[in-house]
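Here the structure is laid out as structure tokens; the discussion comes afterwards.
Here it is in structure tokens:
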């Protein structure tokens, strides 16, 4: 039987299985920690830094932190909230995020975080990078303009043989997430949909699909992201 | 209480945001009790005849006339409000920002598939009366200081209404979740 540990989040005593991921442990205790590159069930990456919290007073990403007995966690201080806003702003300024023309709008997690934090314009200049749209894959479209390099797709999507569909190329600010033409050629519609759903933004889209949920009924039209965990 | 004076303009926008202002429907009758319009396409006043309390900007800056107008608004309006995605981040016109200007003009006037034979002299329009196009589309806040941002494509009429009421009455400006949208 798993042993439970006691710790506090924002002063509230919480219980979780020892070694549980802090994001999940907080969720089970009814506390929302904003995440973006993290996705339940796939290995955490800690790349977007949105989930940064104070653990015993030190900032670290909650998706890569395991709970231990007696730890004190703060998920929301003015500094943390400002930091999260900045991360969202950087992501908007760094790519070409044209929400009005994006199929994922209304169900996009980056947009939803911007809504939650009421981000209007970034404090950073828009870079307007030149990026491609790969529309030649049989089942998927890869729009590099919208990609935030969270690498969820690399970590989470495999074909029937266990081969990865996505891989990254180049390094640093030139990094691109590519679709492998071989392993992605004969994927099922269900897997294509899974890839589209796993992408937090509109960078991976199913071909011949989109705009099927009307405005007002999309995932984040009425309720802020995280409100299913913490009111 | 003296009526607040409002000016509005559409820069590199589609006038959709102005349509959204009109979407406040019969509340426009209440608005007229509270405010007076100066330079605006709504009353067709072309140049500022008074100093204004609130300037409402739709669209980003894609040419030198847009920049001139925006600077005029900053000069004559106490509070500048930008409405819509184009004003906030360039919007759809900014899709040209990743392509060098010369390539855009060549495609539009010389080599594009719809140009065919209709430009036999191969002229890229250069009349001095035509505003000069900028190297890229600029969001308004990258040109002048902006006080209030109302996102949306277009911003929901209720968001515009709430913001106008707050600005006119001096109440706190709230951005309700259900009307704070980027599309």
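Chains as they are written, first to last, in my numbering: chain Y, 8 to 238; chain X, 17 to 199. Beta carbons are placed, not taken as given, at the ideal position from N, Cα and C, and that holds for glycine.
So which residues of chain Y does residue 167 of chain X contact, with C-beta pairs closer than 7 angstroms? 127
Test item: CB-CB of residue 39 of chain Y and residue 170 of chain Y under 8 angstroms: no
For the beta strand (DSSP E) containing residue 77 of chain X, name the first residue and the last one. 77 to 79
Tell me residue 150 of chain Y's beta-bridge partners as DSSP assigns them. Y:140
Could you give the distance in angstroms between the alpha-carbon of residue 159 of chain Y and the alpha-carbon of residue 206 of chain Y? 7 angstroms
Tell me the rounded alpha-carbon separation between residue 198 of chain X and residue 197 of chain Y. 29 angstroms
Start and end of the alpha helix (DSSP H) containing residue 96 of chain Y? 85 to 101
When the Cα atoms are used, what is the spatial distance from residue 59 of chain Y to residue 87 of chain Y? 7 angstroms
Please tell me whether residue 75 of chain X and residue 26 of chain X are closer than 8 angstroms, where the distance is taken between their beta carbons. yes
Report the residues of the region 141 to 161 of chain X with a CB closer than 8 angstroms to any CB of chain Y, ordered along the chain. 152, 155, 157, 158
Within the continuous beta strand (DSSP E) that includes residue 119 of chain Y, where are the two ends? Unbroken run through residue 119 of chain Y is the alpha helix (DSSP H), 116 to 123; no beta strand (DSSP E).
Same chain only: Cβ atoms within 8 angstroms of residue 20 of chain X, ignoring 5 sequence neighbours per side: 50, 51, 52, 69, 70, 183, 184
If you drop the 5 nearest sequence neighbours on each side, which residues of the same chain put their C-beta closer than 7 angstroms to that of residue 88 of chain X? 64
Mind the definition here: the region 39 to 56 of chain Y touches the region 66 to 79 of chain Y only if three or more C-beta pairs lie below 8 angstroms; say whether that holds. yes
Heavy atom of the ligand SAM less than 7 angstroms from the Cβ of residue 151 of chain X, yes or no? This structure simply doesn't include the ligand SAM, nor any ligand for that matter.
Count the other C-beta atoms from every protein chain shown that fall within 10 angstroms of the C-beta of residue 178 of chain Y, then say buried if there are 16 or more, exposed otherwise. exposed
Taking only beta-carbon positions, decide if residue 119 of chain X is within less than 8 angstroms of chain Y. no
Which parts of the region 156 to 193 of chain X are runs of the beta strand (DSSP E), unbroken and 3 residues or longer, counting only runs that do not cross its ends? 164 to 166
Using a C-beta to C-beta distance shorter than 9 angstroms, which residues of chain X count as neighbours of residue 103 of chain Y? 110, 111, 113, 114
Given a cut-off of 8 angstroms on the beta-carbon distance, is the pair residue 80 of chain Y and residue 16 of chain Y in contact? yes
Fully enclosed by the region 91 to 162 of chain X, which alpha helix (DSSP H) runs are 4 residues long or longer? 101 to 105, 117 to 121
Exposed unless 16 or more other CB atoms sit within 10 angstroms - verdict on residue 63 of chain Y: exposed
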